[in-house]
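Numbering of the sequence shown is given in our numbering, commencing with residue 619 and proceeding in unit increments.
Right, one structure below, let's go through it.
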Amino acid sequence: MEVSLEPRQKLQNPAFVWSECLKLIKPNVSPMTFNTWFTPIKPLEINDATIKIQLPNAYFWEWIDQRYNALLNNSIKEILGNDAAIEYIIMDDWKEEPSVIELHHRASLNVPAPKQEIKPVVEAKIDYETNLNQKYTFDNFIKGSGNELAVAAGMAIGNNPGGTSFNPFFVYGGVGLGKTHLVQAIGNIIYANDQSKRVIYLSADRFSQLFVDAIQSNSAAEFQRFYRSMDVLILDDIQFLIGREKTQDLFFHTFNSLHQAGKQIILTSDKPPKDLKGMDSRLISRFHWGLTADVQPPDYETRLAILNKKAEEFGLNATPDIYEYIATHVTSNIRELEGCLLRLLANVSLSAREIDLELAKKSVQEISTSRKITISVDLITKIVCEEMSIDENKVRDKTRKQEIVIARQLAMYLAKELTRISLKNVGLYFGGRDHSTVIHACTSIQNLIDTDANFAEIAKNIKNKIELACT
Ligand code: ADP
Ligand code: MG
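Below, the structure written as structure tokens:
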């Protein structure tokens, strides 16, 4: 076939291979299906004949896996040969970070690598990831009464980083209200205006993890220099620094150094600075130096505007009463509004009928069920880790340390016991593992429970705690 005549190099270029693959897929599906389910997929990398592709969330994965697995596999085999395989990477629904632990590769970025400035004080850190996702922009961010101040300040900073009095810029509010979107939009605009600006985005959780790694590999000083070399530091979900005194201390010094040099600091949190119990008071006072702005849940009009905008993005065509129904019933946050539209899309494609109120109701219903499931797996993981004194972040990692493996397996086992979440989704939750890993975990734990009375007791206690917490 024609493609196989291309130079070998091209077949190692994920973007090329994926675009060839899309060409094969396109004629086999409707334009709406193509735009909805295939366009958002991002090729990340190719290793041998395995292409890694990234899907926005678990719905996508389930949907694609159930309906288009064969189509996808056949297409990729046409291009890469019979050994070809696809590895799915999910942008985790439950956490902001991609669920694959190390997305080291340049290819995983949406933004090209910033040019390295040669600064004598910065040791050769030739390359770094901004971690910015280009899909988050001001253009597709709906302004409403709940976020007016935050957006206005964000735009001002975007156009003049470090040059406004909004430094640091501290955004706080509940989940799914657009904090991450907003701060990434600021980063994106700064980078778009001036590509020599060293912008970096990461969650405080990740920051802390990387710091621990740096200490372990004796590179704490380099770590420190690296973050001090930034023009714009965006640290998301700063509440994750609570209980991590060492990271707080390091961040305190980083903050001072950046602030003194007129560099922009942007922070988000789930609560206002004063409520961050367990955060170093020196940091809390610094959080107030610039501007603190909150984001509130969207009002009805804003919810409608968001639904219309997202529907347009998704290529979804529904009558106003459908959006009104959803806006009336999904009130908590924007992530759920979005999730509901995705459900609706899935249901429409499944039932092969026009969108009607019945389908909208079904989708709203499904969203509230999936919310319950999500809460409980989070809770299971949290309690297992607390009881076994294990760092919660490690459980989703690839680490094979014995005690972490057991905690992870126990959490999987309990997720299967206590929730209705599918094995596939349990696997996804724990760092994109497949369902056979989950089955293996469940049998191992059952074995342990049957043979080790001590462990059985621990497991029983944990299970009780979870059930108590759920009631
Ligand atoms: P948070 O970080 O506060 O938990 P996110 O920024 O992750 O929330 O937002 C959740 C989802 O909702 C994202 O997909 C984001 O793009 C979308 N979103 C949030 N606020 C808005 C908004 N005002 N306009 C458009 N989309 C939004
Ligand atoms: Mg966020």
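Note that CB positions come from ideal geometry on N, CA and C, so glycine has one too.
- Every alpha helix (DSSP H) of 4 residues or more that sits fully in the region 947-1027 is shown, in chain order, as 952-969, 975-1005 and 1010-1013.
- Judged by DSSP secondary structure, residue 667 falls outside any alpha helix (DSSP H); it is assigned neither H nor E.
- The nearest non-hydrogen atom of the ligand MG is less than 7 Å from the C-beta of residue 798.
- If only uninterrupted alpha helix (DSSP H) runs of at least 4 residues are considered, those enclosed by the region 873-955 are 899-905, 918-932 and 938-947.
- Around the beta carbon of residue 805, 16 or more other beta carbons sit within 10 angstroms, so the residue counts as buried.
- Counting along the chain, the unbroken alpha helix (DSSP H) around residue 830 starts and ends at 822-834.
- Segment contact: the region 896-906 against the region 861-873, three or more CB-CB distances shorter than 8 Å; contact assigned.
- Counting other Cβ atoms within 10 Å of its Cβ, residue 918 stays below 16 and is therefore classed as exposed.
- Bridge partners of residue 819 according to DSSP: 852.
- Around the beta carbon of residue 793, fewer than 16 other beta carbons sit within 10 angstroms, so the residue counts as exposed.
- The Cβ-Cβ distance between residue 846 and residue 875 falls below 8 Å.
- Contact check for residue 822 against residue 853 passes: the beta carbons are separated by less than 8 Å.
- The alpha carbon of residue 1026 has as its nearest neighbour, out of 908, 1062 and 1037, the alpha carbon of 1062.
- DSSP places residue 705 outside any alpha helix (DSSP H); the residue lies instead in the beta strand (DSSP E), whose first and last residues are 703-708.
- Here the alpha carbon of residue 802 sits roughly 7 Å from the alpha carbon of residue 755.
- Looking at the DSSP output, residue 790 sits in a beta bridge with 887 and 912.
- Residue range 797-811 is occupied by the alpha helix (DSSP H) that includes residue 804.
- With a cutoff of 8 Å on beta-carbon distance, residue 1059 and residue 1067 are scored as not near each other.
- Looking only at 771, 629 and 778, the smallest Cα-Cα distance to residue 788 is reached by 771.
- Taking C-alpha positions only, residue 994 is separated from residue 1037 by approximately 7 Å.
- Between residue 825 and residue 865, the gap from beta carbon to beta carbon is short of 8 Å.
- When the beta-carbon positions are compared, residue 975 and residue 944 stay at least 8 Å from each other.
- Look at residue 854: its beta carbon is less than 7 Å from one of the heavy atoms in the ligand MG.
- Spanning the alpha carbons of residue 629 and residue 700 requires a straight line of approximately 14 Å.
- Of the other Cβ atoms in all chains shown, 16 or more fall within 10 Å of the Cβ of residue 956; this residue is therefore buried.
- It is roughly 14 Å from the alpha-carbon of residue 884 to the alpha-carbon of residue 816.
- Assignment of beta-bridge partners to residue 661 by DSSP yields 671.
- Annotation for residue 1041: 1053 and 1056 place their beta carbon closer than 6 Å to its own, counting only its chain and skipping 5 residues before and after.
- For residue 762, the CB contacts under 6 Å within the same chain, skipping 5 residues up- and downstream, are 916 and 920 in chain order.
- Residue 746 sits in coil when the DSSP states are folded into three classes, being neither helix nor strand.
- Residue 641: member of the alpha helix (DSSP H) spanning 632-643, first to last residue.
- Taking the C-beta atoms as reference points, residue 671 is found nearer than 8 Å to residue 661.
- Boundaries of the alpha helix (DSSP H) harbouring residue 1041: 1041-1047, taken from the DSSP string.
- Within a 10 Å sphere around the beta-carbon of residue 909 sit 16 or more other beta-carbons, which makes this residue buried.
- Beyond the five residues adjoining it in sequence on each side, residue 1085 comes within less than 8 Å, by CB distance, of 1036 in the same chain, given in chain order.
- Here residue 892 is exposed. Its C-beta has fewer than 16 other C-beta atoms within 10 Å.
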